[in-house]
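K.L.:
Take this structure, written in structure tokens, and hold onto it; I'll ask about it next.
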Amino acid sequence: MQIPEPGPRVARHNSALLRRWGRWFLSRRGWKVRGNLPDLSHMILLGVPHTSNWDLLYCLAFECALGFKANWVGKQSLFFWPLGPLMRRLGGVPVNRRFPRQMPWDTVAHFRERTHLILAIAPEGTRRKVEKWKQGFHRIARATDVPLVPICMDFGTRVFAIGPPYIATENVEDDIRSLKKFLKISLSPLDYRLCVSCRLFFPFPCIRCVPWFEILPDSWATGRSLSGRFQRVNNKSPPRTRTGSVVWGYSYPLG
């Protein structure tokens with residue numbers, strides 16, 4: 042598994058143990074990293090899509106594997122005892138949803154005070170699939186002139202795709218539209234359809250998620266099968282690879 046090295050100006054955690062754990066975890070789960078982090082001392086990482094609480098574990102493994110140190114924003118209810126101190130130790134910053142407009146300006150002060158800071162935000166602001174993003178990250182980027190770096194976490198292909206840095210402009214809607222283009226290109230059509238258990242136990246889908254696996258094209262097939270399990274779904278034959286074996290969920294590119 043090849044992991045890109047961050048540049049010298051990127052904040053590091055300097056822990057060989059965490060780095061080995063992150064690489065082991067991603068390799069064990071079959072994940073890959075595409076792209077490189079920009080060599081910048083300040084940046085805002087936009088993690089999309091956010092559809093499960095398990096996203097936090099995979100993002101922490103991604104951070105540890107690459108070796109950079111980031112702070113991330115989470116709702117205040119996640120920082121309960123006894124996990125609260127651990128969450129803060131891992132870079133978590135609790136946000137009170139009763140006063141959401143205060144968070145961007147507190148973050149701006151941190152960017153101006155610290156020489157190195159990487160902030161990770163889920164712009165969707167919720168685990169549900171939404172069409173409209175929250176705009177707090179844009180206000181932070183405009184006030185601090187810090188570039189936005191989109192990162193797509195695709196459970197359909199098991200790839201972390203790192204996008205190019207983007208400088209926020211005065212037009213919020215155009216900026217969000219441009220960032221969503223990267224998401225649309227990088228995200229496979231399967232990602233939003235999977236439940237939590239299927240994200241963890243590929244290629245063994247639950248009954249609810251089996252019909253969605255029929256949308257996978259042959260170019261994503263790997264030849265793995267489930268020994269005839271669920272031979273027909275909704276009176277349709279399951280998708281098959283070029284060798285004729287049934288495909289159930291694996292979506293790695295051939296080759």
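If you read the sequence shown in our numbering, its first letter stands for residue 42, the second for the next number, and so on. For each residue, glycine too, the CB sits at the ideal point set by N, CA and C. This one's a predicted model, so the numbers in the text were calculated from it and none came from an experiment.
1. Closest to Arg183 by CA distance: which of His54, Ile203, Gly204, Val213 is it?
2. How far does the beta strand (DSSP E) with Asp96 in it reach, from first residue to last?
3. Comparing the C-beta of Leu97 with each C-beta of chain D, is any distance below 8 Å?
4. How would you label Trp72, buried or exposed, when you count the other beta carbons within 10 angstroms and need 16 or more for buried?
5. Which first and last residues belong to the alpha helix (DSSP H) in which Pro191 is found?
6. Indicate whether Val114 and Val134 have their beta-carbon atoms separated by less than 8 Å.
7. Can you list, in chain order, the residues of its chain with a C-beta nearer than 6 Å to that of Val190? Leave out the 5 residues immediately preceding and following it.
8. Would a C-beta distance cut-off of 8 Å place Phe109 and Pro47 closer than the cut-off?
9. Determine the direct distance from the alpha carbon of His151 to that of Leu127, and round the result to whole angstroms.
10. Check Leu59 in the structure and name its three-state DSSP category.
11. Determine, using beta carbons only, whether Pro45 and Leu107 come nearer to each other than 8 Å.
P.N.:
Straight from the coordinates:
1. Answer by Cα proximity: Val213.
2. Taken as a continuous stretch (DSSP letters only), Asp96 belongs to no beta strand (DSSP E), being part of the alpha helix (DSSP H) at 96-107.
3. Here chain D cannot be found, since the structure has a single protein chain.
4. Its Cβ being crowded by 16 or more others within 10 Å, Trp72 is buried.
5. Looking at the DSSP string, Pro191 is not in any alpha helix (DSSP H); the run it does join, the beta strand (DSSP E), is 189-195.
6. Val134 sits close to Val114, with the two beta carbons spaced by under 8 Å.
7. The residues Met84, Leu86, Pro206, in chain order, have a CB closer than 6 Å to that of Val190 in the same chain once the five nearest residues on each side in sequence are set aside.
8. Cβ distance < 8 Å, so Phe109 and Pro47 count as in contact.
9. Cα to Cα, Leu127 sits roughly 21 Å from His151.
10. Helix.
11. It is a contact, given that the beta carbons lie within the stated cut-off.
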